[in-house]
Amino acid sequence: MGEWAPVPCGLRVRSGELHVFRSRLDLSPQAADEAARLVSEDELVMAEALDRPGDGRAFLCARALTRRVLGWVLDRHPAGIEFCRTEHGRLALVDREVCFSVSYAEGELLVAVSRKSEVGVDIHDSEVTYNEDLHLALTEGEMRLLRRLSPSARQMFFLGLWARKEAVLRAVGYGLRVPPDEVDVLLEDGKGTVAVPLPHGGGVIEVHVRDLPSGRETVAAVAAAGAVTGLHAWTFTPHVGAALWNAG
């Protein structure tokens, strides 16, 4: 997989393909005001309920930017993108036209999109700091390998494992109801298939996972709970989509 490429005009997401869109998450007051006009009343209430300073603004801007990305993919105005929650709490489109997953950190937002397969994406920055308590999230094999590393190398190694685990668990739709220490994500060359035990004796599902190109302070991964014929990584610029919708 190469680096991120600009989104091409006329892009269509075909069956079997997995597309990941990266965009800068603008958290300025102007961006927040614009976001508030795109999101739902429920989302405004949710943003107000968040405790940490800045979390509400980030939440609104992320939801609005996700609508812009999906609007581009589906050739709709972002205001017409409606979200709901599935039985297990996964964020989804009301009409289920595509499957998608969202994650954001360090002013960057990722949206993974597939026509049929459920997907998961995750990005982490250095705010998540490795410590010995986090061994509960790792398998025995992952812990053995991590302990062989120098203390300075453990942080990014752990973040890489955690990004893969979150992407995989989001793809299967159960989140942390699947114990992360039961999901081994040690992969050769940062890509492969992971066996995920489902809750309540639901069997085991195979999920395809792959690391994404990332910066010095971030790590990211994407996963799909179905066959993937091609993975594409795009850089999405919001003003390009806005120009298209305004022209329409």
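With this note's numbering as the guide, the letters of the sequence shown map in order to residues 1147 to 1394. From the three backbone atoms N, C-alpha and C, an ideal C-beta is built for every residue, glycine too.
Contact check between the segment 1341 to 1357 and the segment 1315 to 1327: three or more CB pairs, one atom from each, fall below 8 Å, which counts as touching.
Residue burial is scored here from C-beta neighbours: H1165 has at least 16 other C-beta atoms within 10 angstroms and is therefore classed as buried.
The straight-line gap separating the alpha-carbon atoms of G1202 and L1255 is approximately 15 Å. Of the other Cβ atoms in all chains shown, fewer than 16 fall within 10 Å of the Cβ of P1152; this residue is therefore exposed. For secondary structure counted as the beta strand (DSSP E) over 3 or more consecutive residues, the segment 1172 to 1222 holds no complete run.
Going by DSSP, R1231 is part of the beta strand (DSSP E) stretching over F1229 to R1231. The Cβ atoms of L1206 and V1240 lie no closer than 8 Å to each other.
Going by DSSP, L1333 is part of no alpha helix (DSSP H) at all; its letter is neither H nor E.
Out of R1222, R1160 and E1288, the CA that lies nearest to the CA of L1333 is found in E1288.
For G1156, the closest of R1222, A1177, A1193 and S1169 by C-alpha to C-alpha distance is R1222.
By the neighbour-count definition (other C-beta atoms within 10 Å, threshold 16), P1325 is an exposed residue. Considering only F1246, L1284, V1353 and L1358, the residue with the shortest C-alpha distance to V1215 is F1246. By alpha-carbon distance to D1268, the top candidate from H1378, A1313, A1193 and V1350 is A1313. Excluding sequence positions up to five before and after P1224, its CB lies within less than 6 Å of the CB of L1184, R1213, R1214 and G1217, all in the same chain and listed in chain order.
In the DSSP assignment, R1170 falls within the beta strand (DSSP E) that extends over E1163 to R1170. In the structure shown, the three-state DSSP call for L1307 is helix.
Of the candidates R1261, E1189 and T1285, the residue whose Cα lies closest to the Cα of V1374 is R1261.
Per DSSP, the unbroken beta strand (DSSP E) holding R1356 starts and ends at V1350 to L1358. Assignment of V1318 by DSSP, reduced to helix, strand and coil, places it in the helix class. With a contact defined as Cβ atoms closer than 8 Å, D1330 and L1282 miss out at about 15 Å. For W1380, the pairing in a beta bridge is given by DSSP as A1151 and F1167. DSSP places G1287 outside any beta strand (DSSP E); the residue lies instead in the alpha helix (DSSP H), whose first and last residues are E1286 to R1293. Membership of L1344 in any beta strand (DSSP E) is not indicated, and neither H nor E is assigned to it by DSSP. T1232 is classed as exposed because its beta carbon has fewer than 16 other beta carbons within 10 Å across all chains shown.
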